[in-house]
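In the numbering used here, the protein residues as written are 10 to 515.
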């Protein structure tokens, strides 16, 4: 939706475009504080469904929605009244602040809806339903597009109209999700009548702490980089927003593979089929790299035309064109990192990933104080921020290729002697499939090639000892190539069938 806002607002002027970029970064930072609601809700609901305890799944969803309502309202009020202070701390220029203030306050209205969407998405994924959140997102985007045209140009509300269109469209999305939660018998509205105590929601909040620290550390560095850009002038800030939206749109092609890697790796490890898990991760990695080279070529050849989609300001276009080759160059790293991070989370390495992200964020903060002096302007800031992705990718590669990795040869060999791993690994990692903020990841090509070689070298010896794993590997990889990844895991058993069984059992 922010991409649509950027494309429309860019027609209003550089100051308006820069204001939307600055406000969006601030709003996303606040939203990422509570992204854990997706990550934590999914395994809790999935665990209840696995035990055929559908009443508990409904209560978990209801409790999450109450948390979303409370935290969303509190966050929205904080943004609304604290917007002038936040924008002043960002160092924005007066011509930008006036538009940014209007946009940020209108976006604050949607905080409860945004957090509600997090919980609803996690609940559907707990039922292995990935289609419904997708349909809801499509509905929200269509509503946003239509309301953008009406509010921005039809009614002449400008930047505020763009923010209101996005906010209202998110309420459309969460309304549709709540309706479908009830219709599919995932949520019993009677459970919503009871306000949960702190003891009821404390496990959810505690489990989300590590995820929040991981997301906040990443967004904190991006926020700091944007603060630096805001002092470089209105045109540079507008170009930064265009580059950011192009980047975000591009990596959506890898985000679905990130989720898929988490889900499939977790599933295979839960069945103690480590050779299959390694092979699946490698194949998804190959698919992601193939897509990345297509995007790399698109950004390279389209570096002149793409900025003109967002703005007609020649100065903004010129600054943006200087950044496009950098975005294109790192696209394969983005792809590799998304999948590698998904493999980490699928292997239940959340704690390691969180610690690694904190260390990498600290290092990138240092880069932001040095690199822009060597490469002044927007290029230096973006070059520094790419260190986030490269660093996290190197950390993921090291862990997955190490002897301590659940995917390593040594671990696989010992698991045959020790027996199946705990099912908690599969459930926990499956829930982490909703975490999308591994979206700024990249990968070092040399380290990644070594890891690929190790995985390929390890496959024959392990698979020959496990004919079942070999058969399942062929099935899984065939489905990946056919483009049926999400249907393999997300739609193995439809939500309606699961809920119907619960109803019959009752």
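We put the beta carbon where it would ideally sit given N, CA and C, even for glycine.
Item	Value
Residue 80 beta carbon less than 7 angstroms from that of residue 43	yes
Own chain residues within Cβ distance below 7 angstroms of residue 124, not counting five before or after	43, 46, 77, 80, 81
Nearest-angstrom beta carbon gap, residue 267 and residue 350 [assumed within contact, 8 angstroms]	6 angstroms
N-terminal and C-terminal residue of the alpha helix (DSSP H) that residue 102 is part of	Run containing residue 102: none; DSSP gives neither H nor E here.
Residue 345 and residue 353 closer than 7 angstroms at C-beta	no
CB contact flag (residue 65, residue 71, <7 angstroms)	no
Neighbourhood of residue 12 by C-beta distance below 6 angstroms, restricted to the same chain and skipping five residues each side	254, 258
At least three beta-carbon pairs within less than 8 angstroms, the stretch 88–105 to the stretch 208–222	no
Range covered by the alpha helix (DSSP H) that runs through residue 326	323–338
Straight-line Cα distance separating residue 374 from residue 341	23 angstroms
Per-residue DSSP class, three states only, for residue 454	With a pLDDT of 34 at residue 454, under the threshold of 50, the modelled position of this residue cannot be trusted; read the value that follows with caution. Residue 454: helix per DSSP, three-state reduction.
Close Cβ partners of residue 38 (< 7 angstroms) along its chain, the five nearest in sequence each way excluded	228, 232
Cβ-Cβ distance between residue 32 and residue 113 below 7 angstroms	yes
Three-state secondary structure (DSSP) of residue 162	helix
With 16 other Cβ atoms within 10 Å as the buried cut-off, status of residue 17	buried
Per-residue DSSP class, three states only, for residue 138	coil
Alpha-carbon to alpha-carbon, residue 338 and residue 319	22 angstroms
Reduced DSSP category for residue 358 - H, G, I as helix; E, B as strand; rest coil	coil
CB of residue 322 within 7 angstroms of CB of residue 23, strictly	yes
Residue nearest to residue 15 in terms of C-alpha spacing, selected from 157, 53, 103	157
Contact check, residue 184 vs residue 149, beta carbons under 7 angstroms	no
Residue 128, buried or exposed, once every other Cβ within 10 Å from all chains shown has been counted against 16	buried
Own chain, CB closer than 7 angstroms to residue 261, minus 5 neighbours either side, in chain order	none
Minimum C-alpha distance to residue 301 - residue among 313, 197, 264, 269	264
N- and C-terminal bounds of the alpha helix (DSSP H) containing residue 221	207–239
Residues near residue 293 by beta carbon distance below 7 angstroms, same chain, minus five either side	266, 269, 270, 348, 489
Residue from 414, 242, 171, 177 whose Cα sits closest to the Cα of residue 284	414
Residue 242, DSSP secondary structure in three states	coil
Of the residues 409, 105, 117, 61, the one placed nearest residue 291, counting alpha carbons only	409
Under the three-state DSSP convention, the category residue 437 falls into	At residue 437 the pLDDT is 38, less than 50, meaning the model places this residue with poor confidence; the figure from the coordinates comes in the next sentence. Three-state result, residue 437: helix.
Whole-angstrom distance between residue 188 and residue 230, CA atom to CA atom	38 angstroms
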